[in-house]
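Enquirer: Sequence order for the protein chains is U and Y.
Take any residue in the first sequence, count from 1 to its spot, add 1111: that is its number in the numbering used here.
Take any residue in the second sequence, count from 1 to its spot, add 323: that is its number in the numbering used here.
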Amino acid sequence: MVNYIVRRLMGMVPVLIGITLITFFVIHLSPGKPTRLQAEMSPKISLEAREKLDRLYGLDKPVHVQYWEWVKRLSAMDLGKSFVDERPVSEKIGERIPITIAINVLSLIMIFLVAVPIGITSAVREGSEYDRISTVFVFIGFAMPTFWLALLLMSLFGVNLGWLPVSGIKSIDFEDYNLVEKIFDLIRHLALPVFVSAFAGLAGISRYMRASMLEILNKDFVRTARAKGLPEKQVIYKHALRNALLPIVTIIGLSVPGLIGGSVIFESIYAIPGMGKLFYDSVMARDYPVIMGVLFIGAVLTLIGNLIADVMYAYADPRIRMSGR
Amino acid sequence: MRKLNKLTIFGLVVVAVMASAALFAPFIVRQDPGAIDLQNGLMPPSASHIMGTDSLGRDLFSRMVFGARISLSVGFVAVGISLIAGVIFGSIAGYYGGWVDSVISRFIDIMLCFPAFFLILATIAVLGPSIWNIMIIIGLTSWMGVARLIRAEILSLKEREFVEAARAVGASDFRIITRHLIPNGMGPVLVSATLGVAGAILTESGLSFLGLGVQPPVPSWGNILTEAKSTLGIAWWITVFPGLAILITVLGYNLLGEGLREHFNPHRKQ
């Protein structure tokens, strides 16, 4: 197992280098220098001051030198300073990241708890009314624009019914609450964002679960289990389910970038102070150091998500961890 | 099986209706989508404005029809770009194999690590939002799936006799790839292109909703919805119609794509 993890970590190194290259490349696509925009915001800035700014960010050097220096600072966890408020980017991202990760983990749990049973039931009752209805639900889930769903739920539960708050993650007088009230307050604030973030994934994962389960149910060992007279429940939940769940672990790992990318949309609609909102604000303000930092961290989070999924897969399936792949 | 065909037909009808709305937009609408009439702002649907008006008094139906034009063209051009990039990278990787394949496959892995929406937004922050930039950026961040498909198809095709025969009569690599391999692998690519149009329409609408896609006053389904947030509870029509248009169009392309997938899948039992 340790062997497998080490091998997997070594494989990540070139990918990580690639991520830094692409991040660097994207930010330097701009026809002018990133500092130009900062300078344009305050027109009083002189040519001299502008050159000083360029020097400060190392923009007067050749591109490959700039890249090398950026990577050097990156390896020391130094992502530079924000153009907007001069605070270190790593600090800005660090305080936002827990919220985004918490919401994404909650929605992954929700996806898993809802989509897997739907997938199993559809597969077991293939072609039934239930299967057909859940198929329709899946297609609508695929086609639903998340921001529209967020707006609809906001208007229904927030504006019309007034049941749930529509912005932020806690109430103004949060600090005065006792523990139970605090938890309840958080749940009320997070209910809509977590649901919206999970929605698209629900459709996809339940579809994969159904396909995976259907495939397994046709396998010989399932027929054997039935033939030796095991009760249907045991055949499905013990023999078939365990095998059908395997590919789902990988699929869930693969859905991490989509979830993180989607956080931009629901965090900016529900005014949640997470990484997505930070990214959106930085894009609006052309705050390049923060944009570069979030882009890089977003890709690294995906890499970590995939690693966790692969390790879980290897843990569950000895064929993977033993073979040299 | 009959059930599925009905869904495919539904998809086809949606795609056809939306495409004709986009093509014939100027002949369908009665009002200028840009005509401001502040006296009649936020009017609910009525005989003269069948989908109501927005806060500037512009006819929502006209804006929706012209919005179809924008949303569909972004979808098609973006997918066109992603197909070209995907087919080029995928066929080179599949045909030549070896280190070329390793480099391209690694590059694909790396591109897939970025949350697509992050990569798109960062590029827009640098290049600025415009309809052309949106098309190019969506296209260049969504070709990886097509490339993998083509690569896999070519890997399985290139050892077959007809390729060997082509090589024996002296056909060049370029000719083998473009005349013999790519056409044979086109089925799955067509499916993924159809689904890709749906994805591109969703992405464009999300970007425009955030104010980073198609810029007003040019109408797109996404940027019409930008106004919906401030009129929640006051003007339901601004929220409902554009959202439904996106949902139904994307659903249509997805159903059509699924139908095509069934059609091209030789293993599926009837």
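From the three backbone atoms N, C-alpha and C, an ideal C-beta is built for every residue, glycine too.
Bear in mind that the values here come from a model prediction, so they are computed numbers and not experimental data.
Assuming contact is defined by CB atoms lying nearer than 7 Å, are Met1386(U) and Ile1208(U) in contact in what I supplied?
Expert: Yes; because the gap between Cβ atoms is below 7 Å, this pair is in contact.
Enquirer: Could you check whether the Cβ of Ile1210(U) sits closer than 6 Å to any heavy atom belonging to the ligand COA?
Expert: In the structure on display, the ligand COA does not appear, and there are no ligands present to speak of.
Enquirer: State yes or no: is the beta carbon of Ala558(Y) nearer than 7 Å to at least one beta carbon in chain U?
Expert: Taking Cβ atoms only, chain U never reaches closer than 7 Å to Ala558(Y), which makes this a no.
Enquirer: Identify the residues that DSSP records as bridge partners of Thr376(Y): which are they?
Expert: DSSP, once it has assigned bridges, lists Asp382(Y) as partnering Thr376(Y).
Enquirer: Among Ala568(Y), Leu555(Y), Leu535(Y), Arg584(Y), which one has its Cα closest to the Cα of Ala1396(U)?
Expert: Nearest option by C-alpha distance: Leu535(Y).
Enquirer: In terms of residue numbering, what span does the alpha helix (DSSP H) encompassing Gly1385(U) cover?
Expert: Note, Gly1385(U): premise wrong, no alpha helix (DSSP H); not H, not E.
Enquirer: Cβ closer than 7 Å: which chain Y residues qualify as neighbours of Phe1332(U)?
Expert: Those within 7 Å of Phe1332(U) in chain Y number zero; the least Cβ separation is about 21 Å.
Enquirer: Residues in the same chain with beta-carbon distance under 7 Å from Met1188(U), minus the five sequence neighbours each way, listed in chain order, please.
Expert: Hits under 7 Å: Ser1201.
Enquirer: Does the contact criterion of 3 or more C-beta pairs under 8 Å hold for the region 547-557 of chain Y versus the region 489-504 of chain Y?
Expert: Contact between the region 547-557 of chain Y and the region 489-504 of chain Y is absent, because fewer than three Cβ pairs lie under 8 Å.
Enquirer: Give the DSSP-derived three-state secondary structure of Lys1293(U) in the structure shown.
Expert: Lys1293(U): helix per DSSP, three-state reduction.
Enquirer: With H, G and I counted as helix, E and B as strand and the rest as coil, what does DSSP make of Lys1281(U)?
Expert: Three-state DSSP puts Lys1281(U) in coil, outside helix and strand.
Enquirer: Below 7 Å CB to CB, which residues in the same chain sit around Phe1258(U) once its five sequence neighbours on both sides are set aside?
Expert: So the list reads Ile1376, Ile1380, once near-sequence residues are dropped.
Enquirer: Between the Cα of Ala416(Y) and those of Ile431(Y), Ile404(Y), Leu406(Y), spot the shortest distance and give me the residue it belongs to.
Expert: Per the Cα distances, Ile431(Y).
Enquirer: Quick check: the region 1337-1357 of chain U against the region 1238-1255 of chain U, are there 3 or more CB pairs under 8 Å?
Expert: Touching, no, given that fewer than three Cβ pairs across the two stretches are closer than 8 Å.
Enquirer: Could you list which residues in chain U have their beta carbon closer than 7 Å to that of Val449(Y), in chain order?
Expert: Ordered by position in chain U, the residues that pass the 7 Å Cβ test against Val449(Y) are Val1137, Ile1138, Leu1140, Ser1141.
Enquirer: Touching or not, the region 518-528 of chain Y and the region 455-470 of chain Y, by the rule of three or more beta carbon pairs under 8 Å?
Expert: Cβ pair count under 8 Å is three or more, so yes.
Enquirer: Between the beta-carbon of Leu1406(U) and the beta-carbon of Phe441(Y), is there less than 7 Å?
Expert: Yes, these two residues count as a Cβ contact at 7 Å.
Enquirer: Determine the burial state of Asn1329(U): buried for a count of at least 16 other Cβ atoms within 10 Å of its Cβ, exposed for fewer.
Expert: Exposed, because fewer than 16 other Cβ atoms sit within 10 Å of the Cβ of Asn1329(U).
Enquirer: Is there a Cβ of chain Y sitting closer than 7 Å to that of Ile1419(U), yes or no?
Expert: It does not: the Cβ of Ile1419(U) has no partner Cβ on chain Y nearer than 7 Å.
Enquirer: Please go through the region 459-526 of chain Y and give each complete alpha helix (DSSP H) segment of 4 or more residues, from N-terminal end onward.
Expert: Whole alpha helix (DSSP H) segments, 4+ residues: 467-480, 484-491.
Enquirer: For the region 1348-1371 of chain U, list every residue whose C-beta sits within 9 Å of some C-beta in chain Y, in sequence order.
Expert: Answer in chain order: Leu1365, Val1367, Pro1368, Gly1369, Leu1370, Ile1371.
Enquirer: Given this structure, state the Cα-to-Cα distance separating Thr554(Y) from Arg1337(U), to the nearest angstrom.
Expert: Distance between the alpha carbons of Thr554(Y) and Arg1337(U) is about 59 Å.
Enquirer: Quick one: is Thr517(Y) buried, meaning 16 or more other Cβ sit within 10 Å of its Cβ, or exposed?
Expert: Looking at its Cβ environment, which holds 16 or more other Cβ atoms inside 10 Å, Thr517(Y) is buried.
Enquirer: Examine the Cβ distances between the region 383-401 of chain Y and the region 347-360 of chain Y and report whether three or more of them are shorter than 8 Å.
Expert: Counting Cβ pairs under 8 Å, three or more are found: they touch.
Enquirer: Between the region 504-524 of chain Y and the region 1344-1358 of chain U, do at least 3 Cβ pairs fall closer than 8 Å?
Expert: No: fewer than three Cβ pairs fall under 8 Å.
Enquirer: Spatial neighbours of Leu472(Y) within its chain, please: CB distance less than 8 Å, with the 5 preceding and 5 following residues excluded, ordered by chain position.
Expert: If we look at Leu472(Y) and ignore the five residues flanking it on each side, its Cβ neighbours are Gly409, Gly413, Gly508, Pro511, Val512, Ser515.
Enquirer: Using a Cβ-Cβ distance cut-off of 7 Å, determine whether Thr446(Y) contacts chain U.
Expert: Yes - at least one Cβ of chain U is within 7 Å of the one on Thr446(Y).
Enquirer: Among the candidates Val336(Y), Tyr418(Y), Arg381(Y), whose CA atom is the shortest distance from the CA of Arg353(Y)?
Expert: Minimum Cα distance to Arg353(Y) is reached at Arg381(Y).
Enquirer: In three-state DSSP terms, what is Lys329(Y)?
Expert: Of the three classes helix, strand and coil, the one that applies to Lys329(Y) here is helix, per DSSP.
Enquirer: Starting from Asp432(Y), find everything on chain U with Cβ-Cβ shorter than 7 Å and list it in chain order.
Expert: Those are Val1126, listed as they occur along chain U.
Enquirer: Could you have a look at Lys1192(U) and say whether DSSP puts it in helix, strand or coil?
Expert: It is a strand residue.
Enquirer: Is the CB of Ile1327(U) under 7 Å away from at least one CB in chain Y?
Expert: It does not: the Cβ of Ile1327(U) has no partner Cβ on chain Y nearer than 7 Å.
Enquirer: Given Asp1398(U), which residues of its chain have a CB within under 6 Å of its CB, disregarding the five upstream and five downstream residues?
Expert: Ser1193, Phe1194, Val1195.
Enquirer: On the premise that Ile1130(U) lies in contact with Ala1355(U), defined as a C-beta separation below 8 Å, what is that separation, rounded to the nearest angstrom?
Expert: So it is not a contact: roughly 33 Å between Cβ atoms.
Enquirer: For Pro1173(U), name the three-state secondary structure that DSSP assigns.
Expert: Reduced to three states, the DSSP call for Pro1173(U) is coil.
Enquirer: On the CB-based measure, 16 or more other CB atoms within 10 Å of its CB, does Leu1483(U) come out buried or exposed?
Expert: One cannot answer for residue 1483(U) here, as it falls past the ends of chain U, which runs 1112 to 1436.
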